[in-house]
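In the working numbering, the protein residues as written are 3 to 219. The structure under discussion appears below in the form of structure tokens.
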DNA sequence: CCAGACGTTGTT
DNA sequence: GTCTGG
DNA sequence: CCAGACGTTGTT
DNA sequence: GTCTGG
């Protein structure tokens with residue numbers, strides 16, 4: 003709330019801290035409501051209003067910026083359902099012949115990352131669920147060594163405009179695809195984070211250098 | 001018209 | 001709900 | 001994203 | 001291989 007000058011949390015108890023937010027789990031999402039910014043707990047993995055079951059959300063965790071305006075599932079959301087997912091960092095798995103290594107990625111300068119995202123509300127009988135998907139883009143040069151995609155990130159200057167319903171989506175998307183993301187830093191972590199049930203500071207501890215089988219005699 | 005999909009990543 | 005394919 | 005299950009019949 | 005759950 004301090005960083006974003008958000009006015010309040012939507013739900014009474016704010017989210018508990020998590021070092022391992024997996025798809026389907028709840029994360030902090032910023033939305034504009036009238037003139038104020040409000041934090042909402044939302045499930046990661048978009049469940050569109052028309053979905054017949056919640057399980058649709060397991061597939062829609064990311065949205066490619068290149069095709070955002072043409073995909074039927076997303077194009078209507080770009081107009082009025084923009085939001086910002088908030089976290090200190092995120093994990094990306096780098097592949098090599100030796101296997102997959104998770105990296106933890108944060109900003110050198112900012113205390114939090116702002117992920118450009120889209121949300122929707124799904125209602126089925128009694129229970130309503132709000133959920134979101136994170137927009138992805140080709141990687142900034144720095145991150146190309148880790149992965150061939152990255153989340154579309156917003157600077158603190160950009161995020162208010164991204165949330166504003168008055169802003170034209172075409173312009174916002176053009177800027178989003180360009181934004182520099184040159185302040186990102188990263189380091190490898192252990193595969194403790196691979197198991198969704200694992201949580202705590204151990205998720206972001208730098209990995210020991212594992213000797214490869216090749217180096218053992 | 002109705003039926004069926006609606007998504008990304010990564011691998012081959 | 002809305003789009004695509006048949 | 002990764003991990004883990006993937007099934008029925010019949011019994012307690 | 002593919003789907004579900006976290």
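Just so you know, even glycine gets a beta-carbon here, dropped at the ideal spot from N, CA and C.
For residue 39, which residues in the same chain have their Cβ closer than 8 Å to its Cβ, ignoring the five residues on either side in sequence? 6, 7, 8, 9, 32, 33, 162, 165
Spell out a yes or no on whether the region 106-115 and the region 84-95 are touching, meaning 3 or more CB-CB pairs, one atom from each, closer than 8 Å. yes
For residue 64, the three-state DSSP class (helix, strand or coil): strand
Can you list, in chain order, the residues of its chain with a C-beta nearer than 7 Å to that of residue 1? Leave out the 5 residues immediately preceding and following it. Nothing can be reported for residue 1: it is not among the residues displayed for the chain, which extend from 3 to 219.
Chain-order list of residues whose beta-carbon lies under 6 Å from that of residue 148 (same chain, five-residue window excluded): Excluding residues within five positions, the ones whose Cβ falls inside 6 Å are 94, 96, 105.
Residue 218 to residue 119 span [Cα, whole Å]: In this prediction, residue 218 scores a pLDDT of 46, lower than 50, which makes its location untrustworthy; no coordinate-derived value is stated.
Quick test of your reading: residue 121 and residue 83, contact by CB under 8 Å. State the CB separation rounded to the nearest angstrom. 5 Å
Check residue 79 in the structure and name its three-state DSSP category. helix
Please say whether residue 136 and residue 67 have beta carbons closer to each other than 7 Å? A distance of 7 Å or more separates the beta carbons of residue 67 and residue 136.
For residue 4 and residue 113, the rounded distance between their alpha carbons: 11 Å
Pull up the distance between the alpha-carbon of residue 173 and that of residue 156, whole angstroms please. 14 Å
On the three-state DSSP scale, how would you describe residue 22? coil
Tell me whether residue 5 sits in a helix, a strand or coil according to DSSP, three-state version. coil
To which residues does DSSP link residue 139 through a beta bridge? 152
Do you know how far the Cα of residue 144 is from the Cα of residue 134? 27 Å
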